[in-house]
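Student: Residues in the sequence shown are numbered consecutively from 346, following the numbering used here. Here a beta-carbon is modelled for each residue, glycine too, at the ideal position from N, C-alpha and C. For clarity, every value in this text was computed on a predicted model and none was experimentally measured.
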Amino acid sequence: MNTPVYFISDNHFQFFNYYNEKYRRELIFRLFEKIKETKGTLVIGGDFLDFWFDYRKNQIQGYESIFDALTDLNLSGIEIHYVLGNHDFWDFGYFCDKFNAKVYPENLEFSIGNEKILVTHGDGLLKNDYGYRLMKKIIRHPISIFLFGLLRTKIGCKLASKISKTSRHFNDGYNENADVVDDITNFAHSQFNKNIDTVLVGHYHRIGINEFHKNRLIWMGDWIKHFSVTIRDDKGWRQLNWEEIS
Numbered sequence: 346m347n348t349p350v351y352f353i354s355d356n357h358f359q360f361f362n363y364y365n366e367k368y369r370r371e372l373i374f375r376l377f378e379k380i381k382e383t384k385g386t387l388v389i390g391g392d393f394l395d396f397w398f399d400y401r402k403n404q405i406q407g408y409e410s411i412f413d414a415l416t417d418l419n420l421s422g423i424e425i426h427y428v429l430g431n432h433d434f435w436d437f438g439y440f441c442d443k444f445n446a447k448v449y450p451e452n453l454e455f456s457i458g459n460e461k462i463l464v465t466h467g468d469g470l471l472k473n474d475y476g477y478r479l480m481k482k483i484i485r486h487p488i489s490i491f492l493f494g495l496l497r498t499k500i501g502c503k504l505a506s507k508i509s510k511t512s513r514h515f516n517d518g519y520n521e522n523a524d525v526v527d528d529i530t531n532f533a534h535s536q537f538n539k540n541i542d543t544v545l546v547g548h549y550h551r552i553g554i555n556e557f558h559k560n561r562l563i564w565m566g567d568w569i570k571h572f573s574v575t576i577r578d579d580k581g582w583r584q585l586n587w588e589e590i591s
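1) Would you call Asn-531 buried or exposed, if buried means 16 or more other Cβ atoms sit within 10 Å of its Cβ?
2) Excluding five sequence neighbours on each side, which residues of the same chain lie with their C-beta closer than 6 Å to the C-beta of Leu-471?
3) So Ile-541 is in the beta strand (DSSP E); what residue range does that whole segment cover?
4) Between Tyr-330 and Leu-420, what straight-line distance do the alpha-carbon atoms span, to the nearest angstrom?
5) Are three or more beta carbon pairs between the region 426 to 433 and the region 387 to 399 nearer than 8 Å?
6) Mind checking who Ser-456 pairs with in its DSSP beta bridge?
7) Which value, in whole angstroms, describes the spacing of the CA atoms of Thr-511 and Asp-474?
8) Enumerate in chain order the residues of its own chain whose CB-to-CB distance from Ile-380 is below 7 Å, with the five nearest sequence positions on each side excluded.
9) Do you know whose CA, among Lys-539, Tyr-363, Ala-533, Ile-576, lies nearest Asn-555's CA?
10) Looking at the strands, I want to know which residues DSSP matches up with Val-448.
11) Throw me the rounded Cβ distance for the Phe-572 and Trp-582 pair, which I believe falls under 8 Å.
12) Sort Thr-543, Asp-567, Met-565 by Cα distance to Phe-557 and report the nearest one.
13) From what residue to what residue does the alpha helix (DSSP H) around Leu-585 run?
14) Count Cβ pairs between the region 451 to 459 and the region 482 to 492 that sit closer than 8 Å; are there 3 or more?
15) Report yes if the C-beta distance between Trp-568 and Asn-356 is below 8 Å; otherwise report no.
16) Provide the residue span of the alpha helix (DSSP H) that contains Asn-419, from first to last.
17) Assign Asn-433 to one of three DSSP states: helix, strand, or coil.
18) Just mark Thr-575 as buried or exposed, buried being the case when its beta carbon has 16 or more other beta carbons within 10 Å.
19) Check this for me: beta carbons of Gly-467 and Val-526, under 8 Å apart or not?
20) Could you tell me how far apart the beta carbons of Asp-578 and Thr-348 are, in whole angstroms, since I believe they sit closer than 8 Å?
21) Distance, Cα to Cα, Asn-486 vs Ile-563?
22) Apart from the five residues just before and just after Phe-377, which ones in its own chain have a Cβ nearer than 6 Å to its Cβ?
23) Using a Cβ-Cβ distance cut-off of 8 Å, determine whether Glu-451 contacts chain C.
24) Does the separation of the CB atoms of Phe-358 and Ile-405 fall below 8 Å?
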């Protein structure tokens, strides 16, 4: 990957005209221009879209400007790596076809020099997430995907919008939950034991870089409250909000 590498996660862009959607898109477009200037790489840690289902012949309307910007980014020579999240998992090739993204249904592992890096969306990692892990298996099962695909696009979007609101309400407590920090830290250490040097996690809308001797756990934040960007360049790691990077 070309450095600097820019990591973003949990942007939750809406396909409908949410109250600050235009503003949030303007900021991401400016970030894309910054990436083009530095000839870096973009890594998306999941939930870039608040809902996505690849309907193939009748795609969801409302994301056109975002997809066009990603296409322009790729045509400018920027690699795009997309780790799928729980809100945008149902991609069946469109992201690759449209803007040449390298798509990862699970985790992304790569190296910069001698540093081994793992990027995970992070959903389903909590110790007591039994119900969530079961639901995750169900909604990712081929039969569930087939049945959802039978719905008309508008009906599917309405249903997904209600599910998304419920999910956001459920996730609101993550940011201040000490158990989340403990469980994800334990997960990170399990990866450190597998010779991973740096773990980046999304999903929980937390920010911060936690150092453990030569290892680190990085919370990638979001594009709702934090507008956070994590950068890995020749100088090392840093995490900034949009105002600092612009």
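Tutor: Based on what the coordinates show:
1) exposed
2) Asp-528
3) Per DSSP, Ile-541 belongs to no beta strand (DSSP E) and is neither H nor E.
4) Since the first residue shown for the chain is 346 and the last is 591, residue 330 is missing from the structure and cannot be characterised.
5) Contact between the region 426 to 433 and the region 387 to 399 is present, because at least three Cβ pairs lie under 8 Å.
6) Lys-461
7) Only weak support is given to the placement of Thr-511: the predicted model assigns it a pLDDT of 44, under 50, and the question is left unresolved by the model.
8) Tyr-351, Leu-387, Leu-418, Ile-423
9) Ala-533
10) Tyr-427
11) For Phe-572 against Trp-582, the beta-carbon gap comes to about 18 Å, at or over 8 Å, which does not count as contact.
12) Thr-543
13) Premise fails: Leu-585 lies in the beta strand (DSSP E), 581 to 586, not in any alpha helix (DSSP H).
14) Between the region 451 to 459 and the region 482 to 492, the count of C-beta pairs closer than 8 Å stays below three; the two stretches do not touch.
15) Yes, the Cβ-Cβ distance between Trp-568 and Asn-356 is below 8 Å.
16) 409 to 420
17) In the sequence under discussion, the amino acid at residue 433 is Asp, which differs from the Asn named in the question. Asp-433: coil per DSSP, three-state reduction.
18) buried
19) no
20) 5 Å
21) For clarity, residue 486 is His in the given sequence; the question names Asn instead. Straight-line Cα distance between these residues: approximately 30 Å.
22) Ala-414, Leu-418
23) Structure shown: chain C not included; a single protein chain is present.
24) no
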